[in-house]
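Numbering (my numbering), first residue to last: 4 to 208.
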Amino acid sequence: ATALVRRFGLEGVARERMAEFGVHKPWQAFVQVRLRVYEALLADPELILGHRYPHNIALLCEVRRSGYPTALSTMSHCEQARHVLAVLGLTDEFDIIATRDDVEHGKPDPEIDLLVARELGVKPEECLVIEDSPAGVQAALAAGMEVVAVTTELTRQKFRDTDLLDRCRVVDDPRMLPSVVRRLIGDLGRKTPGERVGTLERERT
């Protein structure tokens, strides 16, 4: 939050709202504003549907039809996550749904990803994780999983400021995600124990 406040020059605006939220630092006010926006988004099904990624949804359904187990690990609360999935019609597309209510430590700690692997009955190195946040990528890598990082305008610079993009597949254009995942699934099926397939590969328009 601190980095975003500085990057977009929001410190003055955030400082003006500190008293409103009863906080003492600009970044804390910024977090509260983001929470309000998120709550407003959750309250409006049309907004949720408007922010969906059709390519991701199609990929999820394709993976399910192919017989692979699927899971969602999110730092949203359980009620929030299930509400969004219900609006999108995806509740039944996941074998396991793990939320911040199920773990003690949030991402970038790997606890939630390791929990999902245990619940699915698979080894971490057999998992392919799709993430759009640096913390999520960090968590999956720490869990020993293969990772595809999907960058966005908000996260791209933050990714570049770390070494994370050197340790996983990178998708800058979400429309390329299905083809990348298909190739990785094939690679995972052929790799030998201990071998990683997540070498650097960028996919753009």
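From the three backbone atoms N, C-alpha and C, an ideal C-beta is built for every residue, glycine too.
Here T154 is buried, its C-beta having at least 16 other C-beta atoms within 10 Å.
DSSP, reduced to helix, strand and coil, places S69 outside both helices and strands of the structure shown, so it counts as coil. Of the other Cβ atoms in all chains shown, 16 or more fall within 10 Å of the Cβ of E134; this residue is therefore buried.
Counting only residues of its own chain and dropping the five nearest sequence neighbours on each side, C171 has a CB closer than 7 Å to the CB of V140, L144, V150, V151, A152, G201. Rounded to the nearest angstrom, the gap between the Cα atoms of E49 and L167 is 34 Å.
Taking one beta carbon from each stretch, the segment 75-83 and the segment 108-127 have 3 or more pairs nearer than 8 Å; the two touch.
Taking all protein chains shown into account, L52 has fewer than 16 neighbouring C-beta atoms within 10 Å of its C-beta and is therefore exposed. Taking a contact to require three or more Cβ pairs closer than 8 Å, the segment 52-72 and the segment 82-97 qualify as touching. DSSP places E14 in the helix class (H, G or I) of the three-state scheme. Counting only runs of at least 4 residues, the segment 127-180 fully encloses the following alpha helix (DSSP H) elements, listed from N- to C-terminal order: 137-145, 159-163.
In terms of Cβ geometry, I100 and A89 do not form a close pair [threshold 9 Å]. Counting C-beta atoms within 10 angstroms of its own C-beta, V40 has fewer than 16 neighbours from the protein chains shown and is therefore classed as exposed. Separation of L157 and D175 (C-alpha to C-alpha, rounded to the nearest whole angstrom) is 12 Å. Excluding sequence positions up to five before and after I188, its CB lies within less than 7 Å of the CB of L131, all in the same chain and listed in chain order.
In the three-state DSSP reduction, L93 falls in the coil class, being neither helix nor strand. Taking all protein chains shown into account, L180 has 16 or more neighbouring C-beta atoms within 10 Å of its C-beta and is therefore buried. Taking 9 Å as the cut-off, the beta carbon of D116 is found closer than this to the beta carbon of A142. Cα atoms of M148 and E129: separation of roughly 7 Å, rounded to the nearest angstrom. By the Cβ-count criterion, P57 is exposed, with fewer than 16 other Cβ atoms from all chains shown falling within 10 Å of its own Cβ. Of the residues H86, G25, E14, T102, the one whose Cα lies closest to the Cα of A74 is T102. For S76, the uninterrupted beta strand (DSSP E) segment begins and ends at 74-76. Distance from the CA atom of K126 to the CA atom of A120, rounded to whole angstroms, is 6 Å.
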